[in-house]
Structures are given as C-alpha cells and as structure tokens.
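Note that the UniProt record's numbering gives residue 67 to position 67 of the sequence shown, counting from 1, and the numbers run on in steps of one.
Even glycine gets a Cβ: it sits at the ideal position worked out from N, Cα and C.
Just so it is clear, the structure is predicted and the values come from calculations on it, not from any experiment.
Reading through the structure tokens given below for one structure.
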Amino acid sequence: MALNSSSLLGNEAQRNIQQQLNAIFGQLSSAGLTVQVLQNKAVITQAANSETFRIVNGNEALKFVNNSRFADKILCIGNQRFFCHSDYLALRSEYFRALFNNEFRENSMDEIAIELPAPCDFEPILRYLYTGVANETDSIFHEKNIFPVIQNTNFLGVDDLLSKAVTVFAYRWRVLTKSPMFRRSVIDYKFLSSVLEFGARNDLFKNGDKLKIVVSWDEEDSEEFPECRQLLREHKCLEEAAVSDIEWGIQVKPKLFTRLDSLDFRSIFNRALHDSERAQEENRRSEEKIRGLTQCIRVLTKQLEDVRCLRCFTMVPRAALKTRTCVTTQHTGSYAQNRGWSCCGELQKRSKGCKPVCLSRHRINSH
1 MALNSSSLLG NEAQRNIQQQ LNAIFGQLSS AGLTVQVLQN KAVITQAANS
51 ETFRIVNGNE ALKFVNNSRF ADKILCIGNQ RFFCHSDYLA LRSEYFRALF
101 NNEFRENSMD EIAIELPAPC DFEPILRYLY TGVANETDSI FHEKNIFPVI
151 QNTNFLGVDD LLSKAVTVFA YRWRVLTKSP MFRRSVIDYK FLSSVLEFGA
201 RNDLFKNGDK LKIVVSWDEE DSEEFPECRQ LLREHKCLEE AAVSDIEWGI
251 QVKPKLFTRL DSLDFRSIFN RALHDSERAQ EENRRSEEKI RGLTQCIRVL
301 TKQLEDVRCL RCFTMVPRAA LKTRTCVTTQ HTGSYAQNRG WSCCGELQKR
351 SKGCKPVCLS RHRINSH
C-alpha cells in the first residue's frame, strides 16, 4: 500500500509539472515565440509558422546557418558559437559524420567544443557545409585565409572544399608559395601532390615550376621525412627541370639534394649528355653554313669587281661580261693637226673611234 501511495504521488507531481509547462508554452506561443528542445536544454526563438526544416542544397540552405530554429547542436570553435544542425554538419564532413554516427559522447551532447588545427573565422566553412557552394573569388580563398582553410578542411574531412582549394592553389601558386605559411608543417603531402597533378594535367606549369614548388615547400630540418624526395620522383620534377633550375634548388635547399639517391640524377645526366650531343650537332651545322656563306660572299665580291676589256678597253663589272656587248670602233677619216678627224671632227688623235667596226663579247685577261 505504501508503494502504491508513493507511485500515485509521483504521477500527480508529473501531471502538475506537465500542466505548468503547457501553460508556459502557451504563453510563449501567444507572445510569438517558440521553444526548440535540444537533447539537454531548451532554446526559445521567434516563431516561424510557415517554415519547416528540410535538407536543401545551394544558397537556399543559408537560412539555416547559425539559426537556432530546428538546431540540435551548439558548435563552439574557440570563442565562436554557432547554432548547427547535425544533418548538415555530417552531410559534407567526414569528421562530423563519424562523430554523429558512432557512440561518441558528443553525439548526446547539445554543446560541442572543437579545437581546429588553425585559428580562423569558421563561419565561411560552416556556410559551405550547409550550401556546398564556394567560388574561386570568395574571401575563403584569399591569400591570408586559404592556408588555415586548407588545414581545417583537411582536419574536418571536407573533401569537396579541399578540391576547390587545390584548383585555386594551382592557378595562384606563384603568389601562394611565397607565403611563410607554405611549408610542410602547414600544407601536407597529399594536398601538394594533388596541386602538382592538377597543374600538370591542365598545363599550368612550365619545365622547372614543379621543382620550384617542392623546393619552396621543403623544410631544412625535416631530414627524417621523405615526402620531398617522393614528390620529386612521382611528379618527375628533376626530369622536366632545366639545369639552371636545378642549380637554383641546390643553392636554396642543399640538404634536400644531398639526401637524393644517385639514381635520381641519372635522367639529368642522360638529358645533359643528349643536350651536349645535340649542341655539338647544331654547332657543326652552323659551321657548315658559315663556310658556305663565306664562299658565297667571296664569289659575289669577285663578280662585282670592275675589269678592263682587252678589245674595247672599257671597265665593266665581271658579272656583266656575258650580258654586255663589246663594241670596237675606229675613225674612218684622216686626222689633221689642229683640225682633228675629218670623219667626226674629234680633236684628239687617240680618241675613241666614231664608227663601230666589231660587235663581240668582252674579253679580259684570264690570269
């Protein structure tokens, strides 16, 4: 009987509490407010009679970002707090998918604190988790933001956003590789390998560009890590680089090249040998052309010389001997002192004749 009495009193207390809560909910509803019950707490928000929660893609999902309505989690990133929906967090993030689909204690917690590898404004990443939309010109990919975004998206397993970062990095590598954040402790091997592969596939790199990227990424105190050597081999950085690029790399990061095996330089030796043979062949052909041009110049110079015809005593270019006619003339009259030639009146006795007497080829001394 005592047990039945205590059970009746407990049921009566529960009914009283339920009636009080219903009265409070009614008052809140009449005031235009609604109560969103999480697993361990309740959140009072403005009512939205026509809005219902459903998973949508694109910018339409922005209305749910940091919106307490329908939120079942509060995400704490440093001093930032966001109302979140576990369905959206797990949609594009392997980290949250594993967190909510397994028996971790965070799965039953309303408020979750996460420590990311790099401090940054988390809201742009959160918007991408909801919408799946990110353009190459967005602030999330600016030079000052892209490195912490790469670290944090890699930690959260947001592969689609990481792929977009690979594309942006491959196009802007000349600027981004000069940043002090571009180092192995920030950018991991897998990401840089994807950048090299994407750039090579889309013809974004010239001969020595891949070598420059890997050399810039290497850290002098990372002798125990073989990632740089592996990148050089997998992406054929040494084979495609010019000798001047390799000399630059040895000067900038000598320890990297001293750790390389001699077999890594075999292709460089073979290419240098091939280039030497090709240069020798080009020099031989150039010398033959020079000798031929020199001979042509000698012949042309000789052909342009003026020579005297032995018949008509006229000076003509040697090249014109076969095209110009030799005309031999003489005076037909008699010459008188102070009167000249009777045929033409020429006063000089040894002047050229006035009448052609012979037409022939010019004749010169063959010696």
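Would you kindly work out how many angstroms separate the C-alpha atoms of residue 43 and residue 71, rounded to a whole number? Reliability fails at residue 43, whose pLDDT of 48 lies under 50, so the model's placement of it is uncertain and the value that follows must be treated cautiously. Between residue 43 and residue 71, the C-alpha separation is close to 9 angstroms.
Under 7 angstroms from any heavy atom of the ligand COA, does the C-beta of residue 150 make it? As far as ligands go, the structure on display features none, and thus does not contain the ligand COA.
From residue 256 to residue 229, what distance separates their C-alpha atoms? Put simply, the backbone Cα of residue 256 is about 8 angstroms away from that of residue 229.
Secondary structure at residue 120, three-state DSSP: helix, strand or coil? DSSP, read as helix, strand or coil, puts residue 120 in coil.
Residue 359 - DSSP class collapsed to helix/strand/coil: In this structure, residue 359 counts as strand in the three-state DSSP scheme.
Residue 150 versus residue 165: straight-line alpha-carbon distance, rounded: The alpha-carbon atoms of residue 150 and residue 165 are separated by roughly 7 angstroms.
Do residue 171 and residue 211 have their C-beta atoms closer together than 8 angstroms? In this structure, residue 171 sits away from residue 211, with a CB-CB distance that is not shorter than 8 angstroms.
So what does residue 340 bridge to, in DSSP terms? Answer by DSSP bridge pairing, in chain order: 336.
For the alpha helix (DSSP H) containing residue 275, name the first residue and the last one. Per DSSP, the unbroken alpha helix (DSSP H) holding residue 275 starts and ends at 266-303.
Who are the near neighbours of residue 37 in its chain, counting only those whose CB is closer than 6 angstroms to its CB and skipping five residues on each side? Here the model assigns residue 37 a pLDDT of 48, short of 50, so the residue's position is not dependable, and the following value carries that caveat. Within the same chain, residue 37 has no close Cβ partners at all.
CB-CB under 8 angstroms to residue 306, same chain, minus the five flanking residues each way: which ones, in chain order? Correct list, in chain order: 315, 316, 317, 318.
Could you please give the first and the last residue of the uninterrupted beta strand (DSSP E) stretch that includes residue 113? Looking at the DSSP string, the run of the beta strand (DSSP E) that includes residue 113 is 111-114.
For residue 327, write down the residues that DSSP places opposite it in a beta bridge. Per DSSP, the beta-bridge partners of residue 327 are 359.
Give the straight-line distance between the Cα atoms of residue 133 and residue 162, rounded to the nearest whole angstrom. The straight-line gap from Cα to Cα measures roughly 12 angstroms.
Which residues bound the beta strand (DSSP E) around residue 176? Per DSSP, residue 176 belongs to no beta strand (DSSP E); it is in the alpha helix (DSSP H), 173-176.
What number of angstroms, rounded off, separates the C-alpha of residue 141 from the C-alpha of residue 113? When only Cα atoms are considered, residue 141 and residue 113 end up about 25 angstroms apart.
Within 10 angstroms of the Cβ of residue 195, are there 16 or more other Cβ atoms? Answer buried if so, exposed if not. Classification for residue 195: buried.
Please classify residue 235: is it buried, with 16 or more other beta-carbons within 10 angstroms of its beta-carbon, or exposed? Residue environment for residue 235: buried (at least 16 other C-beta atoms within 10 angstroms of its C-beta).
Using a Cβ-Cβ cutoff of less than 6 angstroms, which residues in the same chain neighbour residue 75 once the five nearest sequence positions on both sides are dropped? Result list for residue 75: 82, 84, 112, in chain order.
Between 250, 251, 260, which has its C-alpha nearest residue 226's C-alpha? Measuring from the Cα of residue 226, the nearest candidate turns out to be 260.
Are the beta-carbon atoms of residue 321 and residue 364 separated by less than 8 angstroms? Yes; because the gap between Cβ atoms is below 8 angstroms, this pair is in contact.
For residue 333 versus residue 342, is the C-beta distance shorter than 8 angstroms? Yes, the Cβ-Cβ distance between residue 333 and residue 342 is below 8 angstroms.
Exposure of residue 177, with buried meaning 16 or more beta-carbon neighbours within 10 Å: Classification for residue 177: buried.
Look at the Cβ atom of residue 252, then the Cβ atom of residue 231, and state whether they are nearer than 8 angstroms. Their beta carbons are not under 8 angstroms apart, which means residue 252 does not touch residue 231 by this criterion.
Where residue 273 and residue 185 are concerned, what is the direct C-alpha to C-alpha distance, given to the nearest angstrom? Near 38 angstroms, if we compare the C-alpha coordinates of residue 185 and residue 273.
Determine whether the beta carbon atoms of residue 207 and residue 241 lie at a separation below 8 angstroms. Taking C-beta atoms as the reference points, residue 207 and residue 241 count as a pair closer than 8 angstroms.
Out of curiosity, what's the CA-to-CA distance linking residue 183 and residue 189? The alpha-carbon atoms of residue 183 and residue 189 are separated by roughly 10 angstroms.
Which residue marks the beginning of the alpha helix (DSSP H) containing residue 191, and which one marks its end? In the DSSP assignment, residue 191 falls within the unbroken alpha helix (DSSP H) covering 189-201.
Checking 8 angstroms against the spacing of the C-beta atoms, do residue 175 and residue 136 come in under that value? No, these two residues do not count as a Cβ contact at 8 angstroms.
Same chain, Cβ closer than 7 angstroms to residue 325, neighbours up to 5 away in sequence not counted: Same-chain partners within the cutoff: 359.
Going by CA-CA distance only, name the one from 79, 86, 131, 115 that's closest to residue 63. Its Cα nearest to that of residue 63, the residue 131 stands out among 79, 86, 131, 115.
Output needed for residue 179: all residues of its chain with C-beta closer than 8 angstroms, excluding positions within five of it in sequence on either side, in chain order. Closer than 8 angstroms at Cβ, skipping near neighbours: 143, 147.
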